[in-house]
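Colleague:
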Amino acid sequence: MKVSHKVVLHFPPVVVEQPVVYHLARDYELAFNILKAQISPQEDGLMVIELSGEDSDFQRASDYLAKQGIRVQPLQQDIRRNDERCVHCGACVGVCPSEALVLERPSMQVIFRAEDCVACGECVPTCPVRAMELHF
Amino acid sequence: MAKTLEEINQKIRRGQVVVVTAEEMVDVVAEKGPKKAAQEIDVVTTGTFGAMCSSGMMMNLGHSKPRIKLGGGQVLLNRVPAYAGLAAVDVYLGATALPDEDPRNAVFPGEFRYGGAHVIEDLVAGRQVLLEATTYGTDCYPRRSISTWVTLKEINEAYLFNPRNSYQNYNVAVNRSDRTIYTYMGALKARLGSANYCSAGQLSPLLNDPVYRTAGIGTRIFLGGGIGYVAWQGTQHSPAVKRNEKGVPMGGAGTLAVAGDLKQMNPRWLRGASFRGYGTTLMVGLGLPIPVLDEEIAAQTGVSDADIQASVIDYSKTYPNREPDVIARVTYAQLKSGSIEVEGKTIPTTPLSSYPLAREVAGTLKDWIADGKFELTGAVAPIPGPDSGMMVGPMPDHAPDKAE
């Protein structure tokens, strides 16, 4: 069964120098889309990546990543909207590149679809009342 | 047969008033016409929730022992400078004031995370705020510095005194330049990439009261979750702006100065807000109840988003340079559809004021009136209307070193 997951990879410094993404594609036949990468030598690395392929390949790839000491975390857990702070003004909708934040009509409420979020982070400083939270 | 305000208030006291929101009134007038609507409906409630920069709080902090004369000194509230040019412990804090340490746009676009508006929200929410002040001493006010936590409950007065709220219509902002610009209308994408608007449209207070038959000095309103009053015309009040055939202005026109006791307000309706690259402001919930005294008012409160136009203006060059060009006029129905057509381009639209919360303000005011908890007041004096010819003018330009 084909699956597609957006995940956040946390790399310990020594692993940063290995071509992990190359192995995910070549050895596990996963198509990849890198959404964000913060990699510096001698520092912890962070990559937000979308991986698509067969479910069984994805499971084996997850084991490979774990063996490399890379922590894998689903992206959904990292982007949150504080619903008590949100005033549904709509300012975030204008800057969201992946339509994870959309206006529902005719209620004009702002809907947040975490599964479409690519963690670009634009909504965080754009939200006037600081209702969007990014946790990595 | 026209109704009087007193008749309507009597119905409120008896629990027999017929009250609808301005959104519901659109359908009533469309189905039954203004004449029948005027007979059946007593009050129409309006609402808006959006950024209102010309807002602030007037406080009396109470006297210290020994006394201190804050007037003429320097006062900080949670590091945000407040105005101390009044009596000894009278202080005014404006929404856009920023701490001296805030880097502003030094690293562009700045975040402006905490300003006067956030202090106001903190106080209304019951949180402690740090008062720090230094000043000169006098015989009667010998103390020269002070530092103390204060809360809203403990101080004498704290009332919102907002010189400009409830703008009657506003611009639609677009950006013709080649880079994203950061404005009080939000981040605007390059080359007409986005269009931002800021109005509750058919729910908006003054768009339902186009020539200010209701809103005047002394009109009771919903303000910040509590009761407030119109105190004066707002700054930049511009009633003689161009209007459409229904008398609705097609650009920013009238404004209201409003006041209310902060101690009976609610942080749900008063929020400190930060606009990237621009500054801080206070988001305010405000609602005007309109007594349907006659057919004319019924027709005016029946206005729908399709009947209200706004002017599309370029904020990259036209607005900063105070040029008059209007690119196009679009209706709020078009804006709320999600996109508008301008110069052959389809531009996605984004609101900046919250229509869901505007609806909630109008609904809450409707409940207060239906429950007999809120009676309407008439204005004791009007604010200038379109016949006054009043239009906002520019700043005087007589630079001292220029020969004239």
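Which chain is which? The protein sequence lines are A and B, in order. Residue numbers for the first sequence follow this note's numbering, so the first one is 3 and each next one is one higher. Residue numbers for the second sequence follow this note's numbering, so the first one is 402 and each next one is one higher. Where a beta carbon is used, it is the ideal one built from N, C-alpha and C, also for glycine.
1) What does the alpha-carbon distance come out to for the pair proline 510 (chain B) and arginine 677 (chain B)?
2) Grab the span of the beta strand (DSSP E) containing leucine 478 (chain B) for me, first residue to last.
3) For methionine 666 (chain B), is the classification buried or exposed, using 16 other Cβ atoms within 10 angstroms of its Cβ as the cut-off for buried?
4) As a quick exercise: from B:Thr422, B:Ser675, B:Gln701 and B:Ala800, pick the residue whose alpha carbon is nearest that of alanine 588 (chain B).
5) Do you know offhand how far leucine 103 (chain A)'s Cα is from alanine 93 (chain A)'s?
6) Verify the CB distance criterion: does proline 99 (chain A) have a CB-CB separation below 7 Å to chain B?
7) Note down, in chain order, all residues in the stretch 78-96 of chain A with a beta-carbon under 7 Å from any beta-carbon belonging to chain B.
8) May I ask you to list, following chain order, the residues of the stretch 754-781 of chain B that have a beta carbon less than 7 Å from some beta carbon of chain A?
9) In chain order, what residues of the stretch 104-124 of chain A put their CB closer than 9 Å to some CB of chain B?
10) Using three-state DSSP, classify methionine 684 (chain B) as helix, strand or coil.
11) Within 10 Å of its beta-carbon, does arginine 760 (chain B) have 16 or more other beta-carbons around it, so buried, or fewer, so exposed?
12) Return the first residue and the last residue of the alpha helix (DSSP H) that histidine 25 (chain A) is part of.
13) Can you pull out the residues from the stretch 506-528 of chain B whose beta carbon lies closer than 7 Å to at least one beta carbon of chain A?
14) Tell me which residues share the same chain as arginine 577 (chain B) and place their Cβ nearer than 6 Å to its Cβ, disregarding the 5 neighbours each side in the sequence.
15) DSSP puts methionine 459 (chain B) in a beta bridge; with which residues?
16) For threonine 449 (chain B) and serine 605 (chain B), which I take to be in contact (beta-carbon distance under 8 Å), what is that distance rounded to the nearest angstrom?
17) Just to confirm, is the Cβ distance from proline 500 (chain B) to arginine 480 (chain B) under 7 Å?
18) Please go through the same chain and pick out, in chain order, the residues whose beta-carbon is closer than 6 Å to the beta-carbon of aspartate 708 (chain B), but skip the five residues on each side of it.
19) Quick one: measure Cβ to Cβ for glycine 619 (chain B) and valine 781 (chain B), integer angstroms, because I've assumed they're closer than 8 Å.
20) Using a C-beta cutoff of 7 Å, does threonine 751 (chain B) count as contacting chain A?
21) Report the option in B:Gly627, B:Leu406 and B:Leu477 whose CA atom is closest to the CA atom of tryptophan 550 (chain B).
22) Relative to chain A, which residues along the stretch 675-709 of chain B have a C-beta separation below 7 Å, given in chain order?
23) Output yes or no for whether 7 Å exceeds the beta carbon distance between glycine 517 (chain B) and alanine 534 (chain B).
24) Going straight from the alpha carbon of alanine 27 (chain A) to that of alanine 33 (chain A), what length do you get?
25) Quick check: the Cα distance between isoleucine 41 (chain A) and phenylalanine 13 (chain A), rounded to an integer number of angstroms?
26) I'd like to know whether the C-beta atoms of leucine 105 (chain A) and valine 89 (chain A) end up nearer to each other than 7 Å.
Modeller: Put simply:
1) Your numbering for residue 510 (chain B) matches position 109 in the second sequence. Your numbering for residue 677 (chain B) matches position 276 in the second sequence. Cα-Cα distance, rounded: 6 Å.
2) On the second sequence, position 77 is the one that residue 478 (chain B) refers to. Run containing leucine 478 (chain B): 475-478, per the beta strand (DSSP E) assignment.
3) The count along the second sequence starts at 1 and reaches residue 666 (chain B) at position 265. Looking at its Cβ environment, which holds 16 or more other Cβ atoms inside 10 Å, methionine 666 (chain B) is buried.
4) As a first step, residue 588 (chain B) must be located in the second sequence, where it is residue number 187. Comparing Cα-Cα distances from alanine 588 (chain B) to each of B:Thr422, B:Ser675, B:Gln701 and B:Ala800, the minimum goes to B:Ser675.
5) Locating residue 103 (chain A) in the first sequence gives position 101, where the first residue counts as 1. Locating residue 93 (chain A) in the first sequence gives position 91, where the first residue counts as 1. Taking the straight line joining both Cα atoms gives about 10 Å.
6) Along the first sequence, one-based indexing puts residue 99 (chain A) at 97. No, its Cβ sits nowhere closer than 7 Å to a Cβ of chain B.
7) Listed by position, the residues of the stretch 78-96 of chain A near chain B (Cβ gap below 7 Å) are Val89, His90, Cys91, Gly92, Ala93, Val95 and Gly96.
8) Cβ contacts with chain A come from Ser754, Ser755, Tyr756, Pro757 and Leu758.
9) So the close ones are Leu105, Arg107, Pro108, Ser109, Met110, Gln111, Val112 and Glu124.
10) One-based indexing of the second sequence puts residue 684 (chain B) at position 283. In the structure shown, methionine 684 (chain B) falls within a strand segment according to DSSP collapsed to helix, strand and coil.
11) Looking up residue 760 (chain B) in the second sequence gives position 359. Around the beta-carbon of arginine 760 (chain B), 16 or more other beta-carbon atoms lie within 10 Å, marking it buried.
12) Numbered from its first residue, the first sequence carries residue 25 (chain A) at position 23. Unbroken alpha helix (DSSP H) run through histidine 25 (chain A): 22-30.
13) Cβ contacts with chain A: Glu512.
14) The sequence position of residue 577 (chain B) within the second sequence is 176, counting from 1. Leaving aside the five residues that flank arginine 577 (chain B) on each side, the residues in its chain whose CB is nearer than 6 Å to its CB run, in chain order, Asp715 and Ser717.
15) Taking the first residue of the second sequence as position 1, residue 459 (chain B) is located at position 58. For methionine 459 (chain B), which the question treats as bridged, DSSP gives the partners B:Tyr493 and B:Tyr560.
16) Counting from 1 along the second sequence, the entry for residue 449 (chain B) is found at position 48. Counting from 1 along the second sequence, the entry for residue 605 (chain B) is found at position 204. Between threonine 449 (chain B) and serine 605 (chain B) the beta-carbon gap is near 5 Å, inside 8 Å, which marks them as a contact.
17) Working through the second sequence from its first residue, we reach residue 500 (chain B) at position 99. Working through the second sequence from its first residue, we reach residue 480 (chain B) at position 79. In contact: proline 500 (chain B) and arginine 480 (chain B) (Cβ atoms closer than 7 Å).
18) Translated into the one-based positions of the second sequence, residue 708 (chain B) becomes position 307. Counting only Cβ-Cβ distances below 6 Å, and skipping sequence neighbours, we find Lys647.
19) Mapped onto the second sequence, residue 619 (chain B) falls at position 218. Mapped onto the second sequence, residue 781 (chain B) falls at position 380. Going by Cβ atoms, the distance from glycine 619 (chain B) to valine 781 (chain B) rounds to 4 Å, so yes, they are a contact pair.
20) Here residue 751 (chain B) corresponds to residue number 350 of the second sequence, with the count starting at 1. For threonine 751 (chain B), the answer is yes, since a Cβ of chain A falls inside 7 Å of its Cβ.
21) Here residue 550 (chain B) is taken as the residue at index 149 of the second sequence, counted from 1. If we check each option's Cα against that of tryptophan 550 (chain B), B:Leu477 comes out closest.
22) Listed by position, the residues of the stretch 675-709 of chain B near chain A (Cβ gap below 7 Å) are Ser675, Phe676, Arg677 and Met684.
23) Locating residue 517 (chain B) in the second sequence gives position 116, where the first residue counts as 1. Locating residue 534 (chain B) in the second sequence gives position 133, where the first residue counts as 1. Contact: no.
24) Indexing the first sequence from 1 puts residue 27 (chain A) at position 25. Indexing the first sequence from 1 puts residue 33 (chain A) at position 31. Taking the straight line from one Cα to the other gives about 6 Å.
25) Within the first sequence, the letter at position 39 stands for residue 41 (chain A). Within the first sequence, the letter at position 11 stands for residue 13 (chain A). Distance between the alpha carbons of isoleucine 41 (chain A) and phenylalanine 13 (chain A) is about 9 Å.
26) Residue mapping note: residue 105 (chain A) aligns to position 103 of the first sequence, counting from 1. Residue mapping note: residue 89 (chain A) aligns to position 87 of the first sequence, counting from 1. No, Cβ-Cβ distance for leucine 105 (chain A) and valine 89 (chain A) is not below 7 Å.
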